[in-house]
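I have placed the structure first, in the form of C-alpha coordinates, so that the comments after it can refer back to it.
Numbering (full-length UniProt numbering), first residue to last: 1 to 111.
Encoded structure:
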(Lines of atoms letter the chains of each structure in order from A and count residues from 1; the text may use other names and numbers.)
(Lines give C-alpha, C1' and ligand atoms only; values in the text may rest on other atoms or scores of the structure.)
Protein backbone atom coordinates (compact mmCIF):
# COMPACT_ATOMS: atom_id res chain seq x y z
CA UNK A 1 0.00 0.00 0.00
CA UNK A 2 2.83 2.41 0.74
CA UNK A 3 6.51 2.64 0.20
CA UNK A 4 8.72 2.61 3.30
CA UNK A 5 9.16 6.39 3.11
CA UNK A 6 5.47 7.25 2.85
CA UNK A 7 3.33 7.81 5.88
CA UNK A 8 0.62 5.13 5.71
CA UNK A 9 -1.79 7.42 7.55
CA UNK A 10 -1.44 10.09 4.87
CA UNK A 11 -2.20 7.50 2.23
CA UNK A 12 -5.28 6.36 4.15
CA UNK A 13 -6.45 9.95 4.64
CA UNK A 14 -6.19 10.53 0.89
CA UNK A 15 -7.96 7.29 -0.04
CA UNK A 16 -11.47 7.40 -1.53
CA UNK A 17 -12.66 4.90 1.10
CA UNK A 18 -11.60 7.15 3.97
CA UNK A 19 -13.14 10.20 2.31
CA UNK A 20 -16.41 8.28 1.87
CA UNK A 21 -16.26 7.27 5.54
CA UNK A 22 -15.81 10.90 6.60
CA UNK A 23 -18.73 11.97 4.40
CA UNK A 24 -20.93 9.24 5.83
CA UNK A 25 -20.04 10.34 9.38
CA UNK A 26 -20.72 14.00 8.63
CA UNK A 27 -24.06 13.24 6.95
CA UNK A 28 -25.28 11.81 10.24
CA UNK A 29 -23.50 13.85 12.89
CA UNK A 30 -23.89 17.37 11.52
CA UNK A 31 -27.69 17.28 11.09
CA UNK A 32 -28.14 15.51 14.45
CA UNK A 33 -25.94 18.09 16.18
CA UNK A 34 -27.73 20.99 14.50
CA UNK A 35 -31.12 19.59 15.46
CA UNK A 36 -30.07 19.18 19.08
CA UNK A 37 -28.56 22.67 19.24
CA UNK A 38 -31.78 24.19 17.87
CA UNK A 39 -33.80 22.21 20.42
CA UNK A 40 -31.47 23.32 23.24
CA UNK A 41 -31.45 26.97 22.14
CA UNK A 42 -35.25 26.90 21.96
CA UNK A 43 -35.38 25.63 25.54
CA UNK A 44 -32.95 28.28 26.78
CA UNK A 45 -34.71 31.11 24.93
CA UNK A 46 -38.14 30.02 26.15
CA UNK A 47 -36.82 29.77 29.71
CA UNK A 48 -35.43 33.28 29.47
CA UNK A 49 -38.12 35.10 27.49
CA UNK A 50 -41.36 33.10 27.89
CA UNK A 51 -41.71 32.87 31.67
CA UNK A 52 -45.49 32.70 31.50
CA UNK A 53 -45.48 29.79 29.07
CA UNK A 54 -42.71 27.87 30.82
CA UNK A 55 -44.38 28.27 34.24
CA UNK A 56 -47.73 26.96 32.98
CA UNK A 57 -48.81 24.10 35.23
CA UNK A 58 -49.83 20.85 33.60
CA UNK A 59 -53.16 19.39 34.73
CA UNK A 60 -53.30 21.32 37.99
CA UNK A 61 -50.14 19.66 39.31
CA UNK A 62 -46.81 21.19 40.28
CA UNK A 63 -45.31 20.00 36.99
CA UNK A 64 -44.69 22.89 34.60
CA UNK A 65 -44.03 23.14 30.88
CA UNK A 66 -40.48 24.28 31.72
CA UNK A 67 -39.87 21.16 33.80
CA UNK A 68 -41.07 18.97 30.94
CA UNK A 69 -38.85 20.84 28.48
CA UNK A 70 -35.90 20.41 30.86
CA UNK A 71 -36.53 16.69 31.23
CA UNK A 72 -36.91 16.58 27.45
CA UNK A 73 -33.31 17.74 27.18
CA UNK A 74 -32.15 14.65 29.03
CA UNK A 75 -34.45 12.38 27.05
CA UNK A 76 -33.30 13.84 23.74
CA UNK A 77 -29.65 13.39 24.74
CA UNK A 78 -30.21 9.70 25.44
CA UNK A 79 -32.26 9.26 22.26
CA UNK A 80 -29.62 10.90 20.08
CA UNK A 81 -26.90 8.81 21.74
CA UNK A 82 -28.86 5.59 21.23
CA UNK A 83 -29.64 6.41 17.60
CA UNK A 84 -26.00 7.30 16.94
CA UNK A 85 -24.67 4.10 18.52
CA UNK A 86 -27.09 1.97 16.50
CA UNK A 87 -26.26 3.87 13.32
CA UNK A 88 -22.51 3.61 13.93
CA UNK A 89 -22.70 -0.10 14.71
CA UNK A 90 -24.67 -0.77 11.54
CA UNK A 91 -23.18 1.66 9.00
CA UNK A 92 -20.00 3.36 10.17
CA UNK A 93 -18.05 0.81 12.21
CA UNK A 94 -18.12 -2.02 9.63
CA UNK A 95 -16.73 0.30 6.94
CA UNK A 96 -14.09 1.67 9.33
CA UNK A 97 -13.11 -1.85 10.38
CA UNK A 98 -12.81 -2.93 6.76
CA UNK A 99 -10.56 0.03 5.99
CA UNK A 100 -8.43 -0.63 9.09
CA UNK A 101 -8.02 -4.31 8.18
CA UNK A 102 -7.03 -3.41 4.63
CA UNK A 103 -4.41 -0.94 5.87
CA UNK A 104 -3.00 -3.32 8.48
CA UNK A 105 -2.76 -6.20 6.00
CA UNK A 106 -1.22 -4.12 3.22
CA UNK A 107 2.32 -4.91 2.11
CA UNK A 108 4.77 -2.70 3.93
CA UNK A 109 2.48 -2.02 6.87
CA UNK A 110 4.21 -1.79 10.23
CA UNK A 111 2.10 -4.52 11.83
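Heads up, the beta-carbon is just placed ideally off N, CA and C, and yes, glycines get one too. Since this is a predicted model, take the numbers as computed values, not measurements.
Check	Outcome
First through last residue of the alpha helix (DSSP H) which encompasses residue 52	51-54
Local Cβ density within 10 Å of residue 44, reported as buried at 16 or more and exposed below that	exposed
Alpha carbon of residue 13 to alpha carbon of residue 54, nearest angstrom	48 Å
Residue 126 versus residue 18: straight-line alpha-carbon distance, rounded	Outside the displayed span of the chain (1 to 111) sits residue 126, for which this structure offers no information.
Alpha carbon of residue 25 to alpha carbon of residue 59, nearest angstrom	43 Å
Residue 61 versus residue 95: straight-line alpha-carbon distance, rounded	50 Å
In DSSP terms, what residue 64 is bridged to	57
Boundaries (first-last residue) of the alpha helix (DSSP H) holding residue 93	93-104
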